[in-house]
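Engineer: Residue numbers (this note's numbering): 14 to 546.
All residues carry an ideal CB built from backbone N, CA and C; glycine is no exception.
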Ligand code: COA
């Protein structure tokens, strides 16, 4: 046993002051999440209920097993965009357990612009499918959508990661044995029709669900045929005549029940490669995290204190504790599942990169998933660092992360800047899940560093000798404002660069759910990366 002993005085003024400030941040997060779930569209929600239809989260509640959690992803997608009228980007995604089988669930929200696809809707849909692929899970589509949001058609239609890619992924997932299932509760028009039709199982709600490549207005325009929606593509038509649907149901609960039966027959078996232990709570309360991680990011904090409140029994088997100390590595258990933790406790030096690379290789050898806890302003700069080979050593860490075969999870606790973001498995390095805390900041560099870079670049450029102090001040002010806005976690989560902005106190349980999915290892390529020595 190697218990982490806390040095925190929870009665100190500093702790209490920070906790109060962090609680206010959590309050804001909860308010914004509540708005995303049901705010700003009372009339649409009322109309939906009057039509005898349920909301997407109500449908999910009926679909998943009673008393099991639903891990909702990216609730704040599209936050502060489109005048905040595309709540959750009009789509709910996440992981829920259906008849004992964890499934990725993708549910359109008809109360947000008819469930149409904004650019973030497409990204959220694709990300959920990628999560299914990485974690090897079936996907359930709860369809109720008007297809592309036409005013933004150029941002959703034909690009490589646009609507067409969702169909590509559906076909690829199915081919890999990851069953695709759907229930159609409302519109499923044009390209959107492929969402249910590319599924291995389709059930439609009679009188409500509709599937057609072109709706009545398009049919009228194209071939002058006048036809109503039900005749064109209702549940009866597609279940009895065209065979596009496999079955129909008379109500939404009945359709969800049929989906549950289909999932129960999948013969899906969980593959847990980890040797688990009985779970134990940490020795210190997770609520204390709010007093530990400073709201003012300029203040330092000790990552051991964070680890101690996330892991079982606060028991941490540390790797190389006396070498490259700014990168803390070690094996622990979360909810009984082993995990190799890589956490920042200072800037990254060459020794830290080597230690991180070594540890990643070790966890790969032992099939232990990796958890990256970010508080990194970057790799060390300067002559001494360059002479130590920081560029090649940091590249080894990037190489090891990219080629790692075990599942990877990232949590951005505070800073995640510069190449440190890559070495620590930022979004571009394809973590299985990446979550941010309200105190996180993700950017190329800290804002004040960017101010210096931008003003120095201006002074050194053409005509730099004539630049006035007023012009430099303006550059500094604009750069500071840009970094404040773009490094903010709400900016990040709105654009799907994470899988959700989460409360620190919920992190342990969320990670436990992710680990319990038992994601399989990436297949062996037979090659080993060429490390630059
Ligand atoms: N693009 C942009 N906006 C759309 C849209 C689309 N494809 N489909 C619906 N909307 C908007 C509506 O204008 C309305 O906006 P408002 O609230 O600002 O007035 C809102 O979404 C809700 O639409 P509404 O028709 O009132 O809701 P509904 O529940 O009665 O019907 C649909 C929803 C999706 C079935 C219906 O709107 C529809 O058939 N839309 C067109 C679908 C289509 O042809 N898509 C082709 C995409 S390639």
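Anyone know if the C-beta pair for residue 89 and residue 46 falls short of 8 Å?
Structural biologist: As a working note, residue 89 is residue 76 in the chain shown. As a working note, residue 46 is residue 33 in the chain shown. Yes, the pair counts as a contact, with Cβ atoms nearer than the cut-off.
Engineer: Any idea which residues DSSP pairs residue 351 with across the strands?
Structural biologist: For the purposes of this step, residue 351 is taken as the residue at position 338 of the chain shown. Its beta-bridge partners are 346.
Engineer: Using only the alpha-carbon positions, how far apart do residue 198 and residue 218 sit?
Structural biologist: In the chain shown, residue 198 corresponds to position 185, counting from 1. In the chain shown, residue 218 corresponds to position 205, counting from 1. About 6 Å.
Engineer: Could you check what DSSP says for residue 438 in three-state terms: helix, strand or coil?
Structural biologist: The residue you call residue 438 lines up with position 425 of the chain shown. Residue 438: coil per DSSP, three-state reduction.
Engineer: Is the stretch 205-222 touching the stretch 264-281, taking contact as three or more C-beta pairs under 8 Å?
Structural biologist: Yes: the two stretches touch, three or more of their Cβ pairs being nearer than 8 Å.
Engineer: Looking only at its chain, what residues have a beta carbon closer than 6 Å to the beta carbon of residue 67, apart from the 5 residues adjacent to it on each side?
Structural biologist: Along the chain shown, one-based indexing puts residue 67 at 54. Contacts found: 265.
Engineer: How big is the Cα-Cα spacing for residue 346 and residue 145?
Structural biologist: Counting from one through the chain shown, the residue named residue 346 turns up at place 333. Counting from one through the chain shown, the residue named residue 145 turns up at place 132. When rounded, the distance between both Cα atoms is 24 Å.
Engineer: Under the rule that 16 or more other beta-carbon atoms within 10 Å means buried, what is residue 393, buried or exposed?
Structural biologist: Translated into the one-based positions of the chain shown, residue 393 becomes position 380. Residue 393 comes out buried.
Engineer: Of the choices 469, 445 and 374, whose alpha-carbon is the least far from that of residue 542?
Structural biologist: Residue numbering aside, residue 542 sits at position 529 when the chain shown is read from its first letter. The candidate whose alpha carbon is nearest that of residue 542 is 374.
Engineer: Quick one, what's near the ligand COA if you take every residue whose CB is closer than 5 Å to any heavy atom, in chain order?
Structural biologist: Output, sorted by chain position: 126, 127, 129, 159, 160, 161, 162, 163, 200, 202, 203 and 228.
Engineer: Here's the rule I'm using: 16 or more other beta-carbon atoms within 10 Å means buried, otherwise exposed. How should residue 410 be labelled?
Structural biologist: Counting from one through the chain shown, the residue named residue 410 turns up at place 397. So residue 410 counts as buried.
Engineer: From the DSSP output, read off the bridge partner residues of residue 7.
Structural biologist: Absent from the model: residue 7. The displayed extent of the chain is 14 to 546, so no value can be given.
Engineer: Assuming contact is defined by CB atoms lying nearer than 8 Å, are residue 319 and residue 426 in contact in what I supplied?
Structural biologist: Along the chain shown, read from residue 1 onward, the residue named residue 319 stands at position 306. Along the chain shown, read from residue 1 onward, the residue named residue 426 stands at position 413. The answer is yes: Cβ separation under 8 Å.
Engineer: Would you please state the rounded distance, in angstroms, between the beta carbons of residue 148 and residue 530? I believe it to be under 8 Å.
Structural biologist: As a working note, residue 148 is residue 135 in the chain shown. As a working note, residue 530 is residue 517 in the chain shown. So it is a contact: roughly 5 Å between Cβ atoms.
Engineer: Mind checking whether residue 150 and residue 348 have CB atoms under 8 Å apart?
Structural biologist: In the chain shown, residue 150 corresponds to position 137, counting from 1. In the chain shown, residue 348 corresponds to position 335, counting from 1. Going by C-beta atoms, residue 150 is not nearer than 8 Å to residue 348.
Engineer: Under the rule that 16 or more other beta-carbon atoms within 10 Å means buried, what is residue 461, buried or exposed?
Structural biologist: Walking along the chain shown from the start, residue 461 turns up at place 448. Residue 461 comes out exposed.
Engineer: Using CA atoms only, rank isn't needed, just tell me which of 352, 433 and 101 is closest to residue 620.
Structural biologist: Limits of the chain in this structure are 14 at one end and 546 at the other, which puts residue 620 out of reach.
Engineer: Need the endpoints of the beta strand (DSSP E) that residue 319 sits in, please.
Structural biologist: For the purposes of this step, residue 319 is identified with residue 306 of the chain shown, where counting begins at 1. No beta strand (DSSP E) holds residue 319; the alpha helix (DSSP H) holding it covers 316-321.
Engineer: Can you find the residues in the same chain that come closer than 7 Å, C-beta to C-beta, to residue 559, ignoring five residues on each side of it along the sequence?
Structural biologist: This structure leaves residue 559 out entirely; the chain is present only between 14 and 546.
Engineer: Looking only at its own chain, which residues have a Cβ that is under 6 Å from the Cβ of residue 440, when we skip the five neighbours before and after it?
Structural biologist: On the chain shown, residue 440 is found 427 positions in, with the first residue counted as 1. Excluding positions up to five away in sequence, the list reads 447 and 510.
Engineer: When the Cα atoms are used, what is the spatial distance from residue 366 to residue 479?
Structural biologist: Taking the first residue of the chain shown as position 1, residue 366 is located at position 353. Taking the first residue of the chain shown as position 1, residue 479 is located at position 466. Roughly 43 Å between the two C-alpha positions.
Engineer: From the DSSP output, which residues share a beta bridge with residue 535?
Structural biologist: The sequence position of residue 535 within the chain shown is 522, counting from 1. Residue 535 pairs with nothing; no bridge assigned.
Engineer: With distances taken between CB atoms, is the gap from residue 73 to residue 109 smaller than 8 Å?
Structural biologist: Translated into the one-based positions of the chain shown, residue 73 becomes position 60. Translated into the one-based positions of the chain shown, residue 109 becomes position 96. Yes, they are a contact pair.
Engineer: Quick one: any contact between the stretch 164-177 and the stretch 229-239, if contact means 3 or more CB pairs under 8 Å?
Structural biologist: Too few Cβ pairs lie closer than 8 Å, so no.
Engineer: What whole-angstrom Cβ distance do residue 506 and residue 513 have, given they're in contact under 8 Å?
Structural biologist: Counted from its first residue, the chain shown places residue 506 at position 493. Counted from its first residue, the chain shown places residue 513 at position 500. The Cβ separation is near 7 Å, so the contact holds.
Engineer: So for residue 331, helix, strand or coil by DSSP?
Structural biologist: In the chain shown, residue 331 corresponds to position 318, counting from 1. Residue 331 falls in the strand class under three-state DSSP.
Engineer: Mind listing, in chain order, the continuous beta strand (DSSP E) runs of no fewer than 3 residues lying wholly within the stretch 393-446?
Structural biologist: As far as the stretch 393-446 is concerned, its whole beta strand (DSSP E) runs of at least 3 residues are 421-430.
Engineer: Can you tell me whether residue 231 is buried or exposed? The criterion is at least 16 other CB atoms within 10 Å of its CB, across all chains shown.
Structural biologist: As a first step, residue 231 is located in the chain shown; it is residue number 218 there, counting from the start. Looking at its Cβ environment, which holds fewer than 16 other Cβ atoms inside 10 Å, residue 231 is exposed.
Engineer: Taking the C-alpha atoms as reference points, what is the distance between residue 288 and residue 220?
Structural biologist: Numbered from 1 along the chain shown, position 275 holds the residue referred to as residue 288. Numbered from 1 along the chain shown, position 207 holds the residue referred to as residue 220. The straight-line gap from Cα to Cα measures roughly 50 Å.
Engineer: Return the chain-ordered list of same chain residues with a C-beta closer than 7 Å to the C-beta of residue 82, the five sequence neighbours on each side being excluded.
Structural biologist: Walking along the chain shown from the start, residue 82 turns up at place 69. Only 526 meet the Cβ criterion.
Engineer: Assuming residue 98 and residue 133 are in contact, meaning their beta carbons sit under 8 Å apart, how far apart are those beta carbons, in whole angstroms?
Structural biologist: As a working mapping, residue 98 is identified with position 85 in the chain shown. As a working mapping, residue 133 is identified with position 120 in the chain shown. With a Cβ gap of about 12 Å, residue 98 and residue 133 do not count as contacting.
Engineer: Buried or exposed, going by whether 16 or more other CB atoms sit within 10 Å of the CB of residue 336?
Structural biologist: For this step, residue 336 is matched to residue 323 along the chain shown. The residue in question, residue 336, is exposed, as its Cβ has fewer than 16 Cβ neighbours within 10 Å.
Engineer: Going residue by residue through the stretch 73-118, where are the continuous beta strand (DSSP E) segments of at least 3 residues, counting only ones entirely within it?
Structural biologist: Counting only runs of 3 or more, we get 84-86 and 104-111.
Engineer: Give the straight-line distance between the Cα atoms of residue 173 and residue 202, rounded to the nearest whole angstrom.
Structural biologist: Walking along the chain shown from the start, residue 173 turns up at place 160. Walking along the chain shown from the start, residue 202 turns up at place 189. Answer to the nearest angstrom: the Cα atoms are 21 Å apart.
Engineer: For residue 544, count neighbouring Cβ atoms within 10 angstroms of its own Cβ and tell me buried if that reaches 16, exposed if not.
Structural biologist: Taking the first residue of the chain shown as position 1, residue 544 is located at position 531. Exposed, since its Cβ has fewer than 16 Cβ neighbours within 10 Å.
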